[in-house]
Each structure stands twice: as C-alpha cells, then as structure tokens.
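In what follows, a single structure is set out as structure tokens and then discussed.
4 protein chains.
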Amino acid sequence: MDISSTEIKVRGYHLDVYQHVNNARYLEFLEEARWNHYQDYPPSYFVDKGWGVIIVNININYKFPAVLGDTLDVQTSLIKIGKSSITFQQEIEIKESNKIAVSAEVTFVIINLKTNKILPIEGDIEEVLTRTKK
Amino acid sequence: MDISSTEIKVRGYHLDVYQHVNNARYLEFLEEARWNHYQDYPPSYFVDKGWGVIIVNININYKFPAVLGDTLDVQTSLIKIGKSSITFQQEIEIKESNKIAVSAEVTFVIINLKTNKILPIEGDIEEVLTRTKK
Amino acid sequence: MDISSTEIKVRGYHLDVYQHVNNARYLEFLEEARWNHYQDYPPSYFVDKGWGVIIVNININYKFPAVLGDTLDVQTSLIKIGKSSITFQQEIEIKESNKIAVSAEVTFVIINLKTNKILPIEGDIEEVLTRTKK
Amino acid sequence: MDISSTEIKVRGYHLDVYQHVNNARYLEFLEEARWNHYQDYPPSYFVDKGWGVIIVNININYKFPAVLGDTLDVQTSLIKIGKSSITFQQEIEIKESNKIAVSAEVTFVIINLKTNKILPIEGDIEEVLTRTKK
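Okay, here's the thing in structure tokens:
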C-alpha cells in the first residue's frame, strides 16, 4: 500500500525544556499526517457514514531528537488490516540529516458512532481505509 | 465579585525555545482557571441550558517570564457585566517571587446553541455567571 | 510593508468541546505564521545575534469559529515599528467562506539575551524585522 | 516500588473532534504525573547533576474514552530498572466510574548532557529514580 508524505517545520513552540520536540507534540505530528493521508476524503465523510475512527494503541520509539529549524517528513502507510483493527506505520525523518527521529505503529478500530460497537474491516470501510476508491 | 485562585506548576512541557512558558500555553492556564472558577456547576449545566460560552476577545500582557518549577497562582474574577457580554480579569502570579507573569482581560458572549444568537446577560445567565446561586 | 500568507488546515485535534478551533490553538497558528514570515532567516540567526524576541501583548478578536476541514490563511504583516517595540497585525481568513475567523495585534520587544535589556529597534534589528535585507 | 497519584480534571480544551480527550493530550497528562512523581526533587536537581532524562519508547493503550468533567487519577510507578534504561507503568483511571482510560509503559534513558552518552542506571541515578533518598 502507498506511503504518504507530510512535511512539518520544527518551530519554537514545538520544543520543551530539553530544546527537543516534546514527546506529546510528536503525536500531533503523526495525527496531522494521518489526516493528510486521507485528504481525498472530506472530514465529514466518515461522520456521514456513521464511523468513528478510534485509536487503541500507539507504540512509539523516540530515536533521535528533532530540534528548532528541522524539516520533518512524516511518512505514513497502512501496514496491517485485521478483522477488526488496522495498523499504520509512521516514521518521522529529519530531512536535513536523513535521521529517523521517531518511528511508531498506531492501531485503530472503527466503531459505529450510534451503537459504539466495533465494526469489521470490510466492504466500504476497507475500501476507504486502503484508499482504493477515490 | 469574588476572586478564585487556581494553582499550576510549570513543567518542562510548558516551555518553549526560550525556556519560558509559551505564549499559547498561558491561554490554556487561563481557561483552566475559568473552568475552576465555575467548578460548582457541572460542565453539562451550560449545555443543558442551551448556552454556549464563546470568547470574543482576549487582551493579554506578558509581563514577566515564568520558568520551570515556578508555582503559578491564576487569579480570576468577573469584572464587567455588559448587556450582551461579560469580561473576566485574570492575573497569573509567580508565587515564589510575587511577580505578575501575565495579566489578561477575557471577554465572552453567551449564545443560544440552537440559534447561534447572542443572549442578553440577565436572569438565569447573570445568576450563574456571578455565582450568586450555588 | 509586505504581507505573508500561511496556510493551515483545521484538523480534529485543533477543536475543543464546542467543535470550534480552541482559543489557545489560534495563538499557535499565529506563531506558526510569524516563524513562516521570517523563514528567510534561519532560527539560529536571532540567537547568534544575541537577540531574544519576546511577546509583550496580544490583543486577539475571535470573530467567527473555524471548524473541521476549514482551510485557514494566516496573513501576517508588521504594522508598527516603535522605538523599542514592534507590532504585527495578523488575520486568519477561512478560505472557503472568506470570513475572518480571528484578527490580532501582537507586540514584541527585542532583548539582549545576555543582559535581558530591551534593545532599541534600529540598525540591524530594524533591517531584519522589516525584511529589507535578505 | 511506590505508586504516586496525580489528579487531573478533564476540561473543554482537552477534547477533540470526538469529544474525547485527544490522544496526544494523554501524553501531557502522563508527563505531568511523572514530574509530580519526582516533586521532592527540584527541576534543577537533574540539570545540576548533568543528567538528561530522555524518553525512548511509549507504548500506550487507549482503553476507554475520558470525557468532559471526568476526574482522572494518573497512577505512576517505576516498574523496571535495567542496566541503561528505566520503565514506568502509568494508568489513568476515571474516578467516577473506576474505568481505566489509558495504560502505558514509558521507557527512559539517562544521558550525560555534555557528552550525550547514555549513563548506566546505578549509584546516585538509581537512588534518585527509585526515590529512596528524600
């Protein structure tokens, strides 16, 4: 499946006491990249379908600190489609040095927003998530 | 009208490139203190009434930088009730030095969540906002 | 003086309980746009000069709520150069509707990072801030 | 080893498009609780020692969504001391329902801030981290 690329510049407000990008901020960068990965679908698309996209696990490795002025490339790909969950791999590369700042696996379930029940990953849902229909 | 007090410790993730609390983070501190100011009302109270509490202006002076480990006291008081708006004064004092880090005036309107119309500040709304009914 | 333009897409993590962009988040959008306004200067430029760029006041009007999926255009211009302070005007326009979500004036002083003294806005500092030298 | 407890009220600005606490915000809650866990040591203590406390991995399970008005209890304990890394277990319990919102394991290394080398977890470092000296 295809890999999308999202560019983010590291600014002063992304840093913390160590002058590195803060650990929580990276999760916003990863979320930004996932919204971007599905940019062909308007935000209302999922809601209109009655689907909630809910994170169940993030396993994130902090490998190399990103600092002020770095240009980050957040690479996002769907690596696993289970019966009831999907997993994205996301890597954040510092473009100036080609070092990997962060690598993460992010696992979701899709719920029916009315019943809160977990939906199987099949049919429409699978098509949208794998972006085979545009 | 009475002044409420909310204590916040400055942590590493509140800081930015200058090792001071970031300008945007102070607005979260002010919002935290306003939620605390009305803690006698459950969050659903306003929604159940159909009232939306919407900020229209913040005028904030950054006077002295708060740094890691500072204990902040966010003092909040309602200083003005207009026909259709209310204004809070909020000061953030660094307890260790008694210096004022930030002073702000924050102005709100109350809207009807269904019609989006601005409501006059009177009756129930005024009672709740001035916390005369508990 | 020239106006720069910074585009930001409103994502799910920018919203709050009202499903509008949160008041504090707009300050990050404004800061993002100011970093972008001076993108021709590397972040180290100011530090190497020994200059700290410190906010003293933000006066921000929240005019119209931005919501999920909106495309924001943050327009930034330097509107006033005083003896010891500078003021930016920043407007955030929702591109889909041409409505102004936010308008703000943001005032800074420049300090000597070693002495913490406020520096006069003249010479090198004025040239950089007005971006007449590139 | 002992477990510390940090209370956080869920406010409007912690929520996102789903009206749940946002996934990135939980990492700030976990960080807040870790600062609190070591509150007997002033923030300068680690810096004065020349130690940087650097996250290498967070594995976080999102189990049940926390919503506006929930009172969260962030329970933090050091569960593993390796040769060169330490791991905290952190659980966020919703006090009103006793449901676990989040469980996480957070792994750190300690570096020498001058050389950036990873330090072995022994002697002073171990004493401080296990809080046996107060």
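Protein chains in written order, with the numbering used here: chain G, 1 to 134; chain C, 1001 to 1134; chain E, 2001 to 2134; chain U, 3001 to 3134. Here a beta-carbon is modelled for each residue, glycine too, at the ideal position from N, C-alpha and C. Just so you know, these numbers come straight off a predicted model, no measurement behind them.
**Prompt:** At a CB-CB cut-off below 7 Å, which residues of chain E make contact with N3022/U?
**Reply:** Ordered by position in chain E, the residues that pass the 7 Å Cβ test against N3022/U are Y2013.
**Prompt:** Apart from the five residues on each side of it in sequence, which residues of its chain come closer than 6 Å, Cβ to Cβ, to N3022/U?
**Reply:** Once the five neighbours on either side are set aside, the close Cβ partners of N3022/U are D3016.
**Asked** Whose C-alpha, out of L27/G, R25/G and G12/G, is nearest the C-alpha of H1020/C?
**Response** Of the candidates L27/G, R25/G and G12/G, the one whose C-alpha sits nearest the C-alpha of H1020/C is G12/G.
**Message:** Let's test the definition: count the other Cβ atoms within 10 Å of the Cβ of Q3090/U and tell me whether it reaches 16, buried, or not, exposed.
**Reply:** In summary, Q3090/U is buried, with 16 or more beta-carbon neighbours lying within 10 Å of its beta-carbon over all protein chains present.
**Item:** Sheet register partners of Y62/G (DSSP bridge)
**Value:** V102/G, per the DSSP bridge assignment.
**Item:** Touch test, the segment 3052 to 3062 of chain U against the segment 2041 to 2051 of chain E, Cβ-Cβ under 8 Å, three pairs minimum
**Value:** Because the criterion of three Cβ pairs below 8 Å is not met, the segment 3052 to 3062 of chain U and the segment 2041 to 2051 of chain E do not touch.
**Request:** Output the distance between the C-alpha atoms of I86/G and E2096/E, rounded to the nearest integer angstrom.
**Result:** In this structure, the straight-line span from the alpha carbon of I86/G to that of E2096/E is close to 32 Å.
**Request:** Could you tell me whether the segment 1114 to 1134 of chain C touches the segment 2116 to 2129 of chain E, where touching means 3 or more Cβ pairs closer than 8 Å?
**Result:** The count of Cβ pairs closer than 8 Å, one atom from the segment 1114 to 1134 of chain C and one from the segment 2116 to 2129 of chain E, stays below three, leaving the stretches out of contact.
**Asked** Per DSSP, what kind of secondary structure is D1002/C in: helix, strand or coil?
**Response** For D1002/C, the three-state secondary structure derived from DSSP is coil.
**Closer than 8 Å to chain U by CB, L1113/C** = L1113/C does not count as touching chain U.
**Residues, ordered as in the chain, of the segment 2061 to 2091 of chain E that lie near chain U by beta-carbon distance below 8 Å** = Hits within the stretch, in order: L2068.
**Message:** Quick check on this structure: which residue in A24/G, K49/G and I92/G has the alpha carbon closest to the alpha carbon of L113/G?
**Reply:** The shortest C-alpha separation from L113/G is found at K49/G.
**Asked** Span of the beta strand (DSSP E) holding L1030/C?
**Response** In the DSSP annotation of this structure, L1030/C is not part of any beta strand (DSSP E); the continuous alpha helix (DSSP H) holding it starts and ends at N1023 to H1037.
**Item:** chain C contact for P3120/U (CB, 8 Å cutoff)
**Value:** With 8 Å as the cut-off, P3120/U does not count as an interface residue toward chain C.
**Request:** My understanding is that V135/G touches D70/G, with C-beta atoms under 8 Å, so please give their C-beta distance in whole angstroms.
**Result:** Outside the shown range of chain G, which is 1 to 134, sits residue 135/G, and nothing can be said about it.
**Item:** DSSP beta-bridge partners of K80/G
**Value:** Answer by DSSP bridge pairing, in chain order: T87/G.
**Message:** Whole angstroms are fine: how far does the CA of H3037/U sit from the CA of E3031/U?
**Reply:** Within the model, the alpha-carbon separation for E3031/U versus H3037/U is close to 10 Å.
**Request:** Mind checking who I3121/U pairs with in its DSSP beta bridge?
**Result:** According to DSSP, I3121/U bridges with nothing at all.
**Distance between I1081/C and R46/G (C-alpha atoms, nearest Å)** = Checking the displayed sequence, the identity of residue 46/G turns out to be Phe instead of Arg. Their Cα atoms are separated by approximately 42 Å.
**Prompt:** Hey, how far is the Cα of S5/G from the Cα of I3079/U?
**Reply:** Inter-residue distance for S5/G and I3079/U is about 37 Å (C-alpha atoms, whole angstroms).
**Prompt:** What three-state label does DSSP hand K1114/C in the structure shown?
**Reply:** Here K1114/C carries a coil assignment [DSSP, helix/strand/coil].
**Request:** Give the range of the alpha helix (DSSP H) segment to which K3049/U is assigned.
**Result:** Note, K3049/U: alpha helix (DSSP H), P3043 to K3049.
**Prompt:** Residues bridged to L2068/E by DSSP?
**Reply:** None, per the DSSP bridge assignment.
**Prompt:** When burial is assigned at 16 or more other CB atoms within 10 Å of the CB, is E3093/U buried or exposed?
**Reply:** Residue burial annotation: E3093/U is buried, with at least 16 other C-beta atoms found within 10 angstroms of its C-beta.
**Prompt:** Around the C-beta of E3007/U, are 16 or more other C-beta atoms found within 10 angstroms, so that it is buried, or is it exposed?
**Reply:** Exposed: under 16 other Cβ atoms inside 10 Å.
**Message:** Assuming contact is defined by CB atoms lying nearer than 8 Å, are F88/G and T76/G in contact in what I supplied?
**Reply:** Result yes, Cβ atoms of F88/G and T76/G sit closer than 8 Å.
**Asked** Residues in the segment 2017 to 2041 of chain E with C-beta within 9 Å of chain U's C-beta atoms, listed in sequence order?
**Response** Listed in sequence order: V2017, Y2018, Q2019, N2022, N2023, A2024 and R2025.
**For E105/G and D2/G, the rounded distance between their alpha carbons** = Their Cα atoms are separated by approximately 16 Å.
**Contacts around Y3026/U, its chain only, beta-carbon distance under 6 Å, and the 5 residues preceding and following it disregarded** = In the same chain as Y3026/U, and ignoring 5 residues on each side of it, the C-beta atoms closer than 6 Å to its own belong to V3102, in chain order.
**Message:** On the CB-based measure, 16 or more other CB atoms within 10 Å of its CB, does K3133/U come out buried or exposed?
**Reply:** Below a pLDDT of 50, predicted positions are generally treated as unreliable, and K3133/U, at 45, falls in that range; no measurement from the model is reported.
**Prompt:** Anyone know if the C-beta pair for I2058/E and I1060/C falls short of 8 Å?
**Reply:** Against a cut-off of 8 Å, the Cβ pair of I1060/C and I2058/E comes out as a contact.
**Message:** Against N2098/E, what residues of chain C qualify as contacts under a CB-to-CB distance less than 8 Å, listed in chain order?
**Reply:** Within chain C, no residue comes near N2098/E; the closest Cβ sits about 19 Å away, beyond 8 Å.
**Request:** Within the same chain, show all residues whose beta-carbon is closer than 6 Å to that of I100/G, passing over the 5 residues directly before and after it, in chain order.
**Result:** Cβ within range, chain order: K63, E91 and E93.
**CB contact below 8 Å: I1055/C versus chain E** = Yes, its Cβ sits closer than 8 Å to a Cβ of chain E.
**Item:** Other residues of its chain near V2067/E: CB distance less than 8 Å, five sequence neighbours each side excluded
**Value:** Within its own chain, the residues whose Cβ lies closer than 8 Å to the Cβ of V2067/E, once the five positions on either side in sequence are excluded, are V2010, L2015, Q2019, H2020 and V2021, listed in chain order.
**Asked** What is the DSSP secondary structure of V2074/E, reduced to helix, strand or coil?
**Response** It is a strand residue.
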